[in-house]
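Numbering (my numbering), first residue to last: 27 to 330. The beta carbon of each residue, even a glycine, is placed where N, CA and C say it ideally should be. What you are looking at is a predicted structure, and each value in this text was computed from that prediction instead of being measured. Take a look at the structure set out below.
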């Protein structure tokens, strides 16, 4: 469902007085089935939308209807405008027209006080195509197929009913019902390859309610408490990674981080990425694993 399209549908009906589902479908470039579903949602929400049968029939909104800005509090109006600005970054087409309309309705100046960029430093066009393919499959409730590379570098074929795209920790993720695992799984978009949309449709409501997303990337990964000492020369990076809530300084100005993190190979590679600028204080088991990995790296370079 597109909140943008619902708002635009209301404005379209107000402006054109009367229209048809076919005209709306052509205007929004969606199916008539999607239009009828949108109209049902608007009617349930209390908008006075009606339909007349016959040659001169069509879909219309009550001529006396006015979208009352007082329906929303001042804070809610600001939140709506901010949400539309964020949505603008995720759409193929420009949403500035809709933002201007809503700003005019609420009698507010359009303040460009927030800029959201969901791309990463490694962004390329293939990532955008992947995002759009999954987004379309979610709206059309189509199964998708792809190969997935897990954190251990292992590839597996997946057939998934996509449910939700979400952005966290500078990365896009997909939540969907995996037919191989017979349960919901979370997939990192950058690890999805050979993505295809299947022809068969699905209804998530007929499968199971999706769980809430509260931990990523793996809900089952055990977590451990670590204490790390970072050289003061990389303080900006430390604050980027951890935030000031778990960081303190020692007498020499170095940064001590005490945090709970996933206990898997990612942790070792993360620590090694800082080179000699970090030292594992606790736990001893993690320190031993890092030393073992360092020795493996040394062995690789001895062979060259």
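In this structure, 179 is the residue among 319, 226, 105 and 179 with its C-alpha nearest to the C-alpha of residue 217. Under the criterion of beta carbons closer than 8 Å, residue 187 and residue 228 qualify as touching, at roughly 5 Å. Collapsing the DSSP output to three states places residue 251 in a strand. The DSSP-derived three-state label of residue 200 is strand.
The distance from the Cβ of residue 210 to that of residue 203 is about 5 Å, consistent with a contact at the 8 Å cut-off. Nearest in C-alpha terms to residue 304, of all of 36, 68 and 264, is 264. A distance below 7 Å between beta-carbons, with the five flanking residues on each side excluded, links residue 183 to the following residues of its chain, in chain order: 173. Secondary structure note for residue 313: it is in no beta strand (DSSP E), and the uninterrupted alpha helix (DSSP H) holding it is 310-328.
For residue 309, the closest of 300, 289, 258 and 75 by C-alpha to C-alpha distance is 289. Where residue 154 is concerned, the enclosing alpha helix (DSSP H) starts and stops at 151-166. Under the three-state reduction of DSSP, residue 176 is assigned to coil, being neither helix nor strand. Contact between residue 286 and residue 273 does not hold, since their C-beta atoms are separated by about 14 Å, which reaches or exceeds 8 Å. DSSP places residue 212 inside the beta strand (DSSP E), whose first and last residues are 209-214. The beta carbon of residue 32 is closer than 8 Å to those of 64, 67 and 68 in its chain, skipping five residues each way along the sequence. It is roughly 35 Å from the alpha-carbon of residue 43 to the alpha-carbon of residue 190.
DSSP places residue 297 in the helix class (H, G or I) of the three-state scheme.
In the structure shown, the three-state DSSP call for residue 238 is coil.
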